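Asks:
Number of protein chains: 2
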Amino acid sequence: MLRMSTAFLRTLRDNPADAEVASHQLLVRAGYIRRAAPGIYTWLPLGLKVLRKVEQIVREEMDAAGSQELLFPGLLPREPYEATDRWAEYGDNLFRLQDRKGADMLLAPTHEEMFTLAVKDLCSSYKDLPLSLYQIQHKYRDELRPRAGLLRVREFVMKDAYSFDIDDEGLHRSYAQMREAYKRVFERLGLEVVIAKADAGAMGGSQSEEFLHPTEIGEDTLVMSDGGYAANVEAVTTVAPEPLTAEQIAELPAARTARTPGASTIASLVDHLNEAQPREDGRAWEKSDTLKALAYITIDADGAEEPLLVMIPGDREADEKRLEVALAPREFRPFTEDDFTRHPQFAKGYIGPVGFGLDTDAGANGIRVLVDPRVQAGTVWVAGANSADEHTIGLVAGRDFQADGFIEAAEVRDGDQAPDGSGPLRLTRGMEMGHIFELGRKYAEALDLQVLDQNGKQKTVTMGSYGIGVTRAVAAIAEKHHDEKGLAWPRSIAPMDVHVLATGKGTEVFEKAEEIVAALEAEGLDVLFDDRPKVSPGVKFKDSELLGIPTSVVIGRSLADGVVEVRDRASGSIDEVSPDEVVARVLQQVREG
Amino acid sequence: MLRMSTAFLRTLRDNPADAEVASHQLLVRAGYIRRAAPGIYTWLPLGLKVLRKVEQIVREEMDAAGSQELLFPGLLPREPYEATDRWAEYGDNLFRLQDRKGADMLLAPTHEEMFTLAVKDLCSSYKDLPLSLYQIQHKYRDELRPRAGLLRVREFVMKDAYSFDIDDEGLHRSYAQMREAYKRVFERLGLEVVIAKADAGAMGGSQSEEFLHPTEIGEDTLVMSDGGYAANVEAVTTVAPEPLTAEQIAELPAARTARTPGASTIASLVDHLNEAQPREDGRAWEKSDTLKALAYITIDADGAEEPLLVMIPGDREADEKRLEVALAPREFRPFTEDDFTRHPQFAKGYIGPVGFGLDTDAGANGIRVLVDPRVQAGTVWVAGANSADEHTIGLVAGRDFQADGFIEAAEVRDGDQAPDGSGPLRLTRGMEMGHIFELGRKYAEALDLQVLDQNGKQKTVTMGSYGIGVTRAVAAIAEKHHDEKGLAWPRSIAPMDVHVLATGKGTEVFEKAEEIVAALEAEGLDVLFDDRPKVSPGVKFKDSELLGIPTSVVIGRSLADGVVEVRDRASGSIDEVSPDEVVARVLQQVREG
Numbered sequence: 001m002l003r004m005s006t007a008f009l010r011t012l013r014d015n016p017a018d019a020e021v022a023s024h025q026l027l028v029r030a031g032y033i034r035r036a037a038p039g040i041y042t043w044l045p046l047g048l049k050v051l052r053k054v055e056q057i058v059r060e061e062m063d064a065a066g067s068q069e070l071l072f073p074g075l076l077p078r079e080p081y082e083a084t085d086r087w088a089e090y091g092d093n094l095f096r097l098q099d100r101k102g103a104d105m106l107l108a109p110t111h112e113e114m115f116t117l118a119v120k121d122l123c124s125s126y127k128d129l130p131l132s133l134y135q136i137q138h139k140y141r142d143e144l145r146p147r148a149g150l151l152r153v154r155e156f157v158m159k160d161a162y163s164f165d166i167d168d169e170g171l172h173r174s175y176a177q178m179r180e181a182y183k184r185v186f187e188r189l190g191l192e193v194v195i196a197k198a199d200a201g202a203m204g205g206s207q208s209e210e211f212l213h214p215t216e217i218g219e220d221t222l223v224m225s226d227g228g229y230a231a232n233v234e235a236v237t238t239v240a241p242e243p244l245t246a247e248q249i250a251e252l253p254a255a256r257t258a259r260t261p262g263a264s265t266i267a268s269l270v271d272h273l274n275e276a277q278p279r280e281d282g283r284a285w286e287k288s289d290t291l292k293a294l295a296y297i298t299i300d301a302d303g304a305e306e307p308l309l310v311m312i313p314g315d316r317e318a319d320e321k322r323l324e325v326a327l328a329p330r331e332f333r334p335f336t337e338d339d340f341t342r343h344p345q346f347a348k349g350y351i352g353p354v355g356f357g358l359d360t361d362a363g364a365n366g367i368r369v370l371v372d373p374r375v376q377a378g379t380v381w382v383a384g385a386n387s388a389d390e391h392t393i394g395l396v397a398g399r400d401f402q403a404d405g406f407i408e409a410a411e412v413r414d415g416d417q418a419p420d421g422s423g424p425l426r427l428t429r430g431m432e433m434g435h436i437f438e439l440g441r442k443y444a445e446a447l448d449l450q451v452l453d454q455n456g457k458q459k460t461v462t463m464g465s466y467g468i469g470v471t472r473a474v475a476a477i478a479e480k481h482h483d484e485k486g487l488a489w490p491r492s493i494a495p496m497d498v499h500v501l502a503t504g505k506g507t508e509v510f511e512k513a514e515e516i517v518a519a520l521e522a523e524g525l526d527v528l529f530d531d532r533p534k535v536s537p538g539v540k541f542k543d544s545e546l547l548g549i550p551t552s553v554v555i556g557r558s559l560a561d562g563v564v565e566v567r568d569r570a571s572g573s574i575d576e577v578s579p580d581e582v583v584a585r586v587l588q589q590v591r592e593g
Numbered sequence: 001m002l003r004m005s006t007a008f009l010r011t012l013r014d015n016p017a018d019a020e021v022a023s024h025q026l027l028v029r030a031g032y033i034r035r036a037a038p039g040i041y042t043w044l045p046l047g048l049k050v051l052r053k054v055e056q057i058v059r060e061e062m063d064a065a066g067s068q069e070l071l072f073p074g075l076l077p078r079e080p081y082e083a084t085d086r087w088a089e090y091g092d093n094l095f096r097l098q099d100r101k102g103a104d105m106l107l108a109p110t111h112e113e114m115f116t117l118a119v120k121d122l123c124s125s126y127k128d129l130p131l132s133l134y135q136i137q138h139k140y141r142d143e144l145r146p147r148a149g150l151l152r153v154r155e156f157v158m159k160d161a162y163s164f165d166i167d168d169e170g171l172h173r174s175y176a177q178m179r180e181a182y183k184r185v186f187e188r189l190g191l192e193v194v195i196a197k198a199d200a201g202a203m204g205g206s207q208s209e210e211f212l213h214p215t216e217i218g219e220d221t222l223v224m225s226d227g228g229y230a231a232n233v234e235a236v237t238t239v240a241p242e243p244l245t246a247e248q249i250a251e252l253p254a255a256r257t258a259r260t261p262g263a264s265t266i267a268s269l270v271d272h273l274n275e276a277q278p279r280e281d282g283r284a285w286e287k288s289d290t291l292k293a294l295a296y297i298t299i300d301a302d303g304a305e306e307p308l309l310v311m312i313p314g315d316r317e318a319d320e321k322r323l324e325v326a327l328a329p330r331e332f333r334p335f336t337e338d339d340f341t342r343h344p345q346f347a348k349g350y351i352g353p354v355g356f357g358l359d360t361d362a363g364a365n366g367i368r369v370l371v372d373p374r375v376q377a378g379t380v381w382v383a384g385a386n387s388a389d390e391h392t393i394g395l396v397a398g399r400d401f402q403a404d405g406f407i408e409a410a411e412v413r414d415g416d417q418a419p420d421g422s423g424p425l426r427l428t429r430g431m432e433m434g435h436i437f438e439l440g441r442k443y444a445e446a447l448d449l450q451v452l453d454q455n456g457k458q459k460t461v462t463m464g465s466y467g468i469g470v471t472r473a474v475a476a477i478a479e480k481h482h483d484e485k486g487l488a489w490p491r492s493i494a495p496m497d498v499h500v501l502a503t504g505k506g507t508e509v510f511e512k513a514e515e516i517v518a519a520l521e522a523e524g525l526d527v528l529f530d531d532r533p534k535v536s537p538g539v540k541f542k543d544s545e546l547l548g549i550p551t552s553v554v555i556g557r558s559l560a561d562g563v564v565e566v567r568d569r570a571s572g573s574i575d576e577v578s579p580d581e582v583v584a585r586v587l588q589q590v591r592e593g
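Protein chains in written order, with the numbering used here: chain A, 1 to 593; chain B, 1 to 593.
#1: Quick one: what's got a C-beta closer than 8 Å to residue 482 of chain B's C-beta in the same chain, skipping five residues either side?
#2: Less than 7 Å between the beta carbons of residue 159 of chain A and residue 470 of chain A, yes or no?
#3: Specify the secondary structure class of residue 84 of chain A as computed by DSSP and reduced to three states.
#4: According to DSSP, simplified to helix, strand and coil, what is residue 182 of chain A?
#5: Identify the continuous alpha helix (DSSP H) that holds residue 156 of chain B and give its terminal residues.
#6: Checking 7 Å against the spacing of the C-beta atoms, do residue 563 of chain B and residue 582 of chain B come in under that value?
#7: For residue 293 of chain B, name the three-state secondary structure that DSSP assigns.
#8: Which bits of chain B does residue 74 of chain A rub up against, with CB to CB less than 7 Å?
#9: With a threshold of 16 other CB atoms inside 10 Å of the CB of residue 533 of chain A, please say whether the residue is buried or exposed.
#10: If contact means a Cβ-Cβ distance below 9 Å, which residues of the stretch 447 to 462 of chain A contact chain B?
#11: Measuring straight from C-alpha to C-alpha, what distance separates residue 452 of chain B and residue 168 of chain B?
#12: I'd like the ranges of any beta strand (DSSP E) spanning at least 3 consecutive residues and lying wholly in the stretch 298 to 363 of chain A.
#13: Tell me, which residues are paired with residue 424 of chain B by DSSP?
#14: Would you kindly report the start and end of the unbroken beta strand (DSSP E) that includes residue 116 of chain B?
#15: Taking residue 575 of chain B as part of the alpha helix (DSSP H), name the residues at either end of that continuous run.
#16: Is there a Cβ from chain B that is less than 7 Å from the Cβ of residue 43 of chain A?
#17: Does the beta carbon of residue 35 of chain B sit closer than 7 Å to a beta carbon anywhere in chain A?
#18: Under 7 Å, Cβ to Cβ, is there at least one residue of chain B near residue 420 of chain A?
#19: When DSSP labels each residue in this structure, what does residue 102 of chain A get in the three-state scheme?
#20: Could you tell me if residue 276 of chain A is buried or exposed, where buried requires 16 or more neighbouring beta carbons within 10 angstroms of its beta carbon?
#21: Please compile the residues from chain B whose C-beta is within a distance smaller than 9 Å of the C-beta of residue 508 of chain A.
#22: Could you check what DSSP says for residue 617 of chain A in three-state terms: helix, strand or coil?
#23: Can residue 325 of chain A and residue 234 of chain A be called in contact, C-beta distance under 7 Å?
#24: Please report the distance separating the alpha-carbon of residue 219 of chain B from that of residue 477 of chain B.
#25: With 16 other CB atoms within 10 Å as the buried threshold, where does residue 141 of chain A fall?
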């Protein structure tokens, strides 16, 4: 039991200045968390109870799925992260430090290396597998822009699990098992999630899915079709036309260069074409007939820079997040004026694919060019002629230019077709709550994790990786379960079961309240008791609504008439019951809830 | 239930090369912990269970004492630690780092600043006090010499609590309450402790006590008398003689200088005196008649150096730890040859107190001199004459030289008198398990923590500080509860309640074992089940003894005769019971234990 007269709790009437999303505002105002530094929070007593409940649900489902809990240090030596290249690849997101002897250390952002080494240390045979391990632990990432309270922070709690199998079949089984466990976790947390295809990115695995919680404040874009397709926008693959055959291409008219002064943007190019270069068949030129050139500098882990040309249909914008995933682990930035000066092959406003490419033996200029998957062999385009005030009309992909490859750099739009043929796509915002993927052998190879297989031969182990953002789950639940008055926790993770409010003035009210509190506690319920003697009923009600305990019991003026109230925070329902019935009524609510 | 056939557990037959103490050897060999870096450990599944049990006992007793749990970040900004000077004072023990924006940060070694600021943030009136807060959290200290497994590490779990009171009387009450809570914690952990006076040191509080666990491998020296005195040697005060009056001093013979060539050590000096300067009353010269000079350089937080002369009786050695406490927060080092060259006032081998001192107006040389408390006014000594090959005999303290103050720099010895008159002292080794002290207003003043008092005036809050080393408690318990075969956990913190061993070959044995395991689990017991099919009984017994689960059940060959064994790890007793009785017998052991 926690008495509000002595609790380390102060509710605030106003939203903190830096808080923009509801969960952040309410968690601070209700005294659950407190900012200690940018993106770093203190868990106050009630907040810590919520955090621990979320952790416990995650723990129980991991245990039920046969995963074993352990705990790695937060402060780690550089060497294992050096072996996997992540010491450099993490860039500025990694908190690095040196100890008193000058040894390089880091604050762990994730623990793939440590899990891999621990298994290498303890396991030697296929008989030790399959194996699933997890921890619930503080992680550190030096986010460039911490935001939205607990949603993007620099110190956070994460559950990370890894599976270890002797072969791919085992990995698929482990993956499927964790997928089921995750469904149960989010079900128990009262958090709707969509299981969306995810890009495994630099991790290089095969299957990869995110558990995305649909919410306006999500940082991810969730793409779904009515036919059941669901993916993070980063993982959506473009539906491309069939490439034409050499014979078909041979029949296409030759390309021709046209003067297009001042047409250095797609919009001005289309206007110019419709005015000065009308098509014979009378169709108007559209932006989708043109190619948009995107010039980037890509940067590898050592900081080495390289120019890159990306061509996408002129009616689409680039999607930087998709591009980021497509280029990872290389980073990138758009060309600056300086870059244009340094690389005169890029004729600003009039760039086209002809002459670009890595294959210098074939006469290309040595600069990589990647194109949207829609730019299949035989498709016809208008693009810059790599010379000021000139474009080429009727450029045929595969005939007039050869790209070094395809890239998913263009935006996905409402109405685009799902890659699995399940109909048109729609886009919503989502927040990543969990991520499961088949990591494969990347870490096992880098750190030489092998075991003896059934034939007595050394075999590299294959791994799966499974994460849940525990801190973020608290925020998402707060975000989902609130109204204009405050929080409304689901029972499974509420900091306390019941909030008892003594709102009268006489000693009788307080004595009866003490009695009811004792009776509720005797039933094993956690009680928050507003026993503050000189606080008005109005303030107590407001605090109660702000704190969001699912059930509250109000003992006040109506006690004289033999009535106390049992309130349900989520529905707002108020039951009037006699003091004798109150415990039974509360138990009913708690157990049904 | 944890099956050993699939558990992430590997026991080792040999002690790890770097392990010298039993707890370290056994915790690693039994698969409870694993070294990740110097002084940094991973908690493997069984170890984590023990750690969590210790944490839970500490948590329950803190809660019962009315302390409220919260959780501060591990990664903190520099500013609060700058305000209290601890950013500098911590020296190399602090892990410092910079974030991507160049802001100075630290890994918290303790959280006084954060607790103080949180209370400042939420509390404004004496009505909010008294208040007690705690956390159980990972701490970081960059120890120069991590050692003995979990006993001295760089990342560890600590429970730190703070009390906040409006006045000293309140602080004394809070302190007393925590003292009782600590007694209960260690009682439940099965860990004998002596409550010893401690030096509050740089913390500057008034009451300060350590909970020292007597053990040979302790780093502290515990000093006790039969009359009930107990203190850390660092806090022992010397029983000094009464100083003589000026009249008494006036009657003492004048000092005289004697040639003492080659007598640059105490031993050679005493030999020389007995040979060349025999006393008139025939008593032999003793080392205790002489003063030993100790020359140090002290260093403040900014690195500024200053020479210091310390004089102690010639029959005693300096105690560096007592000296450290006495000089804190200044650090120190003994004079090097260079220092002797730089400070020619120190005539190596022939240093005496005459002429030393800060009071240059009175003719002193400006170098601080501190003396042992036994060097009271009127005591008579032989000391160096500050000139090669000369000593002064009959030097009278307070007449021939004036010290700048007293210092507790000399060793305490078995047989010395307790300062409270409770008899002779005896010294043993102890390990600090907890520390409670009245911190006072140091942090509240530095960070401006004030509340309105009963008269509506701002008043600085007074604080108490209460720590328990949770990680270290695990090691101490392992150290205390083991034998040559392995660990023998007390039931309160054993990783599991029962270890069931199937040691036969037939399927019958394994089936019966499964049955018994299920029945024990149905009773709510945590079971470790050795179900490994092809492991010999001998190996299973050895593992069981090494792991140290308090009760084990052996189902083996004698099952054919209707007999299974219930073994008690601590006593070694073996009960033969029928399979039907085994659950009842185990429950009896668990509940009595």
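Every residue gets a Cβ at the ideal spot worked out from N, C-alpha and C, and that includes glycine.
Remember, predicted model here, so these are calculated numbers, not experimental data.
Replies: Concretely, from the data shown:
#1: Closer than 8 Å at Cβ, skipping near neighbours: 22, 23, 26, 488, 548.
#2: Taking 7 Å as the Cβ cut-off, residue 159 of chain A and residue 470 of chain A qualify as a contacting pair.
#3: The answer is coil: DSSP assigns residue 84 of chain A none of H, G, I, E or B.
#4: Three-state DSSP puts residue 182 of chain A in a helix.
#5: Careful: residue 156 of chain B lies outside any alpha helix (DSSP H), inside the beta strand (DSSP E) at 155 to 165.
#6: With respect to the 7 Å criterion, residue 563 of chain B and residue 582 of chain B are not classified as neighbours on the basis of their beta carbons.
#7: In the structure shown, residue 293 of chain B falls within a strand segment according to DSSP collapsed to helix, strand and coil.
#8: Taking a Cβ-Cβ cut-off of 7 Å, the neighbours of residue 74 of chain A in chain B comprise 74, 138, 155, given in sequence order.
#9: Result: exposed.
#10: Listed by position, the residues of the stretch 447 to 462 of chain A near chain B (Cβ gap below 9 Å) amount to none.
#11: Rounded to whole angstroms, residue 452 of chain B to residue 168 of chain B spans 16 Å at the Cα level.
#12: Runs of the beta strand (DSSP E) inside the stretch 298 to 363 of chain A: 305 to 313, 331 to 334.
#13: When DSSP reads this structure, residue 424 of chain B sits in a beta bridge with B:417.
#14: Where residue 116 of chain B is concerned, there is no enclosing beta strand (DSSP E), although the alpha helix (DSSP H) it sits in stretches over 112 to 122.
#15: First-last for residue 575 of chain B: 574 to 577, but that is the beta strand (DSSP E), not the alpha helix (DSSP H).
#16: Taking Cβ atoms only, chain B reaches closer than 7 Å to residue 43 of chain A, which makes this a yes.
#17: So, not an interface residue.
#18: By this cut-off, residue 420 of chain A is not an interface position.
#19: Looking at residue 102 of chain A - three-state DSSP - the assignment turns out to be coil, as it is neither helix nor strand.
#20: Exposed is the label assigned to residue 276 of chain A, since fewer than 16 other Cβ atoms lie within 10 Å of its Cβ.
#21: Residues of chain B whose Cβ lies closer than 9 Å to the Cβ of residue 508 of chain A do not exist, since the nearest Cβ in that chain is about 24 Å away.
#22: Because chain A is modelled from 1 through 593, residue 617 of chain A falls outside the range shown and cannot be assessed.
#23: Yes.
#24: Taking the straight line from one Cα to the other gives about 16 Å.
#25: Flag for residue 141 of chain A reads buried.
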